[in-house]
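**Q**
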Amino acid sequence: MKWKDMDNAFPGTTAVIWNFLRNKFPEISVGDKGYVMAQVERQYNVRRSRLHTTYRTTKRRPSDVAPEDWQWLIKNMWTDEKFKKRSETNSSNRGQQEMKSLVGTKSIVQIAYEQRDPATGEWPTAMDLWKAIYQKPDGTWSVQNGKEILNNLHTVAETEQEKIASAPVPLVEHFALVLGRKSNHSRGVGVAAVNHGAQERHRLHAQAEAARQHADDAREYAAALQGEVLRLTEANNQLRDELQSQREELTSQRRTVEEQSLDMERLVDQKLEERMRAYFAHMTNSACVIPSSTSTCAADNQGDPN
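The sequence shown maps to residues 2 to 307 in our numbering.
As structure tokens, then:
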């Protein structure tokens, strides 16, 4: 099935694919939809061509393709005269390429994406991408001046570092400084040229990305402040609870001291009263031995039978 007939056969397919890519790659803007869907179409055609090359010649059916679908492809797709003509034209055009890559039908952008650093997401340099696409395992090149171009890429990376870094797409700019520019093609990268409209989109996208980053930083700062406020609030509440506990403990200790003081006062009063009683009793007994009081004590003693 041709890509242009996809929505007719399966309505809404391209919209689903576009929404899926927007969700997976938030940096894609609406203005990039044409480029993105063109890349999806190329990947679809690559997969269809691979199916034709691998299975059509060996008469094998993929396990994930139903028998009736396989027969339909054979009868309606791979034997179609337009398909054969387009395939022959593509083969002829590939034979006329000045720089033949070693990565098969994969796009150069796809190779660059696969070579990103998995930890940081950083894209490969132009030198690394050039070697991955055009250098053979034995160190030779699929293009005559491959080594010379690699040296020029290294030189430009040092002399034009600021210009490359400030470009909308640094990788495209790096290759353009070495391989030259075309009005509708980015040499060395295999994608449409970055024209003024695209540059403006990239500029706006960069501004939007910077604004989004600024907003994210502000949210993180606000969250950090909120966390600090919560921490201080918890510390203040804890300190308040500790002070309240200390006040309650001091109050309890004061009450204990007061109670002990009252007990001590009662004990002192009791001891004093006992001593006073003993003293008065002693004084009473001592009065009986005074001469002037003999008759009184004798009279008193007469009343005592003992």
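By construction, the Cβ of each residue, glycine as well, lies at the ideal position given by its N, Cα and C atoms.
#1: According to DSSP, what are the bridge partners of Q136?
#2: In three-state terms, what does DSSP make of V170?
#3: Please tell me whether V179 and V157 are closer than 8 Å, where the distance is taken between their beta carbons.
#4: For Y36, which residues of its own chain have a beta-carbon under 6 Å away from its beta-carbon, when the five flanking residues on both sides are left out?
#5: Check whether the Cβ atoms of L151 and K132 sit closer than 8 Å, and answer yes or no.
#6: Use the C-beta contact count for F281: other C-beta atoms within 10 angstroms, 16 or more gives buried, fewer gives exposed.
#7: If you run the structure through DSSP and keep just helix, strand and coil, what is S116?
#8: Does G32 have its Cβ less than 8 Å from a Cβ in chain B?
#9: In chain order, which alpha helix (DSSP H) runs of at least 4 residues are fully inside the segment 13–91?
#10: Tell me, to the nearest whole angstrom, how far the beta carbon of L154 is from that of H175; I am working on the premise that it is less than 8 Å.
#11: Run through DSSP, which three-state label would M277 get?
#12: In its own chain, which residues sit with a C-beta less than 7 Å from the C-beta of E123, not counting the 5 before and 5 after it?
#13: Return helix, strand or coil for T126, following the three-state DSSP convention.
#14: Give the single residue among Q40, T160, Q145, A207 whose Cα lies nearest to the Cα of W169.
**A** In this structure, then:
#1: In DSSP, Q136 forms a bridge with W142.
#2: coil
#3: In contact: V179 and V157 (Cβ atoms closer than 8 Å).
#4: none
#5: yes
#6: So F281 ends up on the exposed side.
#7: Here residue 116 is Gln; the residue named in the question, Ser, does not match the sequence. Here Q116 sits in coil by DSSP.
#8: No chain B is part of this structure, which consists of one protein chain only.
#9: 14–25, 34–52, 68–77
#10: The pair is a contact, with the Cβ atoms about 7 Å apart (cut-off 8 Å).
#11: Correct three-state label for M277: helix.
#12: R117
#13: coil
#14: Looking at the sequence shown, residue 169 is not Trp but Pro. When C-alpha distances from P169 are compared across Q40, T160, Q145, A207, the shortest belongs to A207.
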